[in-house]
Amino acid sequence: MSTDVFRTTSGPVRGFRASADVVAVLGIPYAAPPFGAARFRAPLPPPVWTGVRDCVRFGPVAPQSARLPGAPVWSPGDEDVLTVNVWAPAPDGGRLPVLVWIHGGAYTFGSSAQPDFDGTVPAGAGLVVVTFNHRIGFEGFGHVPGGGAGGHPDNRGLLDQIAALRWVRENIAGFGGDPRNVTVAGQSSGAAAVACLMVADRARGLFRRAVVHSPASPCHTPGIAAATTREVAAAAGCPATPEGLSAATPQALVEASDRVVERYRRDPASGSRHYDPSLYAPVLDGDVLTTDPLTGIAAGAARDVDLLVCHTTEEYWLLDAVGSSAKVTTDERLALFAADFGLPDGLVDGYRAAMPGAPVLDVYLAVFGDLLFGEYANRLAELHARAGGRAHLSRFDRRRAGADGDVRAWHCADVPFAFGTLGDERLAFLVGGTPTAADHALARRMVRAWADFAATGDPGWPAVDGRTTHARVWTTDDHSGVGLPAVPRALWAGMDFPVLRA
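What follows is the structure, given as structure tokens:
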């Protein structure tokens, strides 16, 4: 059998040479298409085939309206959306550590086919790399009344992720990977999903380590999820019932969700969702997810999982640049923002003092980025360490002057460096143009840190020890720092997480 053909429990698959030493196998079904009678239900087993299946293209993306640079778009009628992709180095007789990546996108958009997530470089560093698609938006995280009793569980997107991890456990040895040494990783909502999997009983034992880049803090209560369903159903013109929602096409629910988002975006008096109107998040349903990640991790639910955390230093500037965040440019609007999120007294003033002369918009972006990503990431690492787990923390702070202004260390900017894909022209906006030699050197160090962590649990700098927070600061001249910035961290002491947004 050709070295580019691999056996899976569903049948043999053929990939292609992504480089001289790495084979890529794309679009392998890990579950049945989640439509028709399977819609809004837990994932079902994949189909079985006998002949060699050519797997040289990414599978269809899940229903969404996003159009991302260099990535395919969803077409109504695409159904085989639950597929995995594998990058496998040339076998050396041993079993290699496995890195499984969960894409981000506010639980609403994105896919494994984004150019950032090409696994060729980390596979060349000695990993078997797996990426996959899962249900997002209403299909993956919308609440269907009746819940599990009616066969329509919440958190279907998380259940898809667990199914993909089970596929890895059953099949990855055939690609040269070690099913006992799996690291699950993600960024943004993908990182938050990883944190959820760390405390989910159904995912226990499916991975040994976790990497979270810029985890997003919100979870939803059942009440919030049910209220969102009523809004989306009304916008779609269908009853908020299992029958009514099932009768609405995936496209109708995508378009209805977009209309609800736009209403929040246009209404400054609509509360916390006005600022970043993401409708979907994991639901604390008491079944798939019985606790939020911070609470579960603080209680030691994941102390046997090694954790590597990273966040960027200017997270929210990206959301402002792409127009997905409300503009807050006056003191009055900034005060309303603080009230809508229940921020501690003095927090905004503390940021002002730390950013003398900064415009109101910059103060708002700094606070919001730390609220949703930065402070949440710090607490994940520290609480994990205090509960007896091993945690490593890092911050991405690479910046440079660009033709159109300074390039910031914003949300998503670290991902092309960690995957080694920063030279892809389609990622120029994230990277800030053509990468320099120093940029490529930084990428090599980040890829190596991922590979070493996946192999041994040690990325190359001290772990958080419960008393001192050691952090690797990723720049073109990166260094290890002890402690984190005292001004704004001290300001967050009075803020409770997770943030449950109504």
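When we follow UniProt numbering, the leftmost residue of the sequence shown carries the number 1, and every step to the right adds one.
C-beta: ideal position from N, C-alpha, C; glycine also.
Buried or exposed (CB count within 10 angstroms, at least 16 for buried), residue i
i, result
"aspartate 201", "exposed"
"arginine 398", "buried"
"arginine 472", "buried"
"threonine 120", "buried"
"tryptophan 167", "buried"
"serine 214", "buried"
"tryptophan 492", "buried"
"leucine 112", "Sequence check: residue 112 is serine here, not leucine. Serine 112 comes out buried."
"glycine 346", "exposed"
"alanine 192", "buried"
"aspartate 349", "exposed"
"glutamate 425", "exposed"
"histidine 479", "exposed"
"arginine 379", "buried"
"arginine 266", "exposed"
"alanine 269", "exposed"
"proline 97", "buried"
"arginine 209", "buried"
"tryptophan 101", "buried"
"valine 487", "exposed"
"aspartate 496", "exposed"
"alanine 490", "exposed"
"aspartate 306", "buried"
Three-way DSSP call (helix, strand, coil) for residue i in this model
i, result
"arginine 156", "helix"
"arginine 17", "strand"
"valine 260", "helix"
"proline 488", "helix"
"aspartate 452", "helix"
"glycine 77", "coil"
"tryptophan 167", "helix"
"glycine 457", "coil"
"leucine 308", "strand"
"alanine 471", "strand"
"proline 63", "coil"
"aspartate 178", "strand"
"aspartate 54", "strand"
"glycine 36", "helix"
"alanine 269", "coil"
"glycine 70", "coil"
"proline 29", "strand"
"alanine 42", "coil"
Expected contact under 8 Å - CB spacing of residue i and residue j to nearest Å
i, j, result
"proline 145", "leucine 82", "The pair is not a contact, with the Cβ atoms about 24 Å apart (cut-off 8 Å)."
"phenylalanine 141", "glycine 151", "Their Cβ separation, rounded to whole angstroms, is 17 Å, which puts phenylalanine 141 and glycine 151 out of contact at 8 Å."
"serine 10", "proline 47", "7 Å"
"phenylalanine 175", "alanine 88", "4 Å"
"histidine 143", "threonine 228", "7 Å"
"alanine 385", "valine 309", "Going by Cβ atoms, the distance from alanine 385 to valine 309 rounds to 10 Å, so no, they are not a contact pair."
"residue 503", "valine 13", "What is shown of the chain runs 1 to 502, which leaves residue 503 out entirely."
"histidine 134", "alanine 62", "7 Å"
"tyrosine 376", "phenylalanine 337", "That belief does not hold up - the Cβ atoms of tyrosine 376 and phenylalanine 337 are roughly 17 Å apart, past 8 Å."
"valine 360", "aspartate 320", "Not quite, the Cβ-Cβ distance comes to about 12 Å (not below 8 Å), so this is no contact."
"leucine 26", "phenylalanine 6", "Not really, about 12 Å apart at Cβ, beyond 8 Å."
"cysteine 219", "leucine 159", "With a Cβ gap of about 16 Å, cysteine 219 and leucine 159 do not count as contacting."
"valine 212", "threonine 183", "That belief does not hold up - the Cβ atoms of valine 212 and threonine 183 are roughly 11 Å apart, past 8 Å."
"threonine 50", "asparagine 171", "Contact flag wrong, Cβ pair sits at about 17 Å."
Proximity below 9 Å, CB of residue i to CB of residue j
i, j, result
"alanine 123", "valine 22", "yes"
"arginine 457", "arginine 395", "The sequence given here places glycine at residue 457; arginine does not occur at that position. Going by C-beta atoms, glycine 457 is not nearer than 9 Å to arginine 395."
"glutamine 64", "glycine 137", "yes"
"histidine 392", "phenylalanine 341", "no"
"threonine 469", "glycine 374", "no"
"leucine 289", "valine 194", "no"
"glycine 190", "valine 128", "no"
"leucine 442", "tryptophan 410", "no"
"proline 115", "alanine 71", "yes"
"alanine 354", "alanine 281", "no"
"tyrosine 107", "serine 278", "yes"
"proline 242", "alanine 233", "no"
"proline 153", "alanine 248", "no"
"glutamate 79", "phenylalanine 117", "no"
"glutamine 161", "alanine 225", "no"
"tyrosine 264", "phenylalanine 368", "no"
Check your understanding: In chain order, which alpha helix (DSSP H) runs of at least 4 residues are fully inside the segment 343 to 430?
Key -> 347 to 354, 360 to 369, 375 to 386 and 415 to 419
Review point. Fully enclosed by the segment 181 to 248, which alpha helix (DSSP H) runs are 4 residues long or longer?
Key: 189 to 198, 222 to 236 and 242 to 247
Exercise for review: Scan the segment 83 to 149 and note each continuous beta strand (DSSP E) run of 3 residues or more that stays entirely inside, going in chain order.
Suggested key: 83 to 89, 96 to 102 and 128 to 132
Practice item. At 4 residues or longer, and completely inside the segment 276 to 334: list those alpha helix (DSSP H) runs for me, N to C. Key: 293 to 298 and 317 to 321
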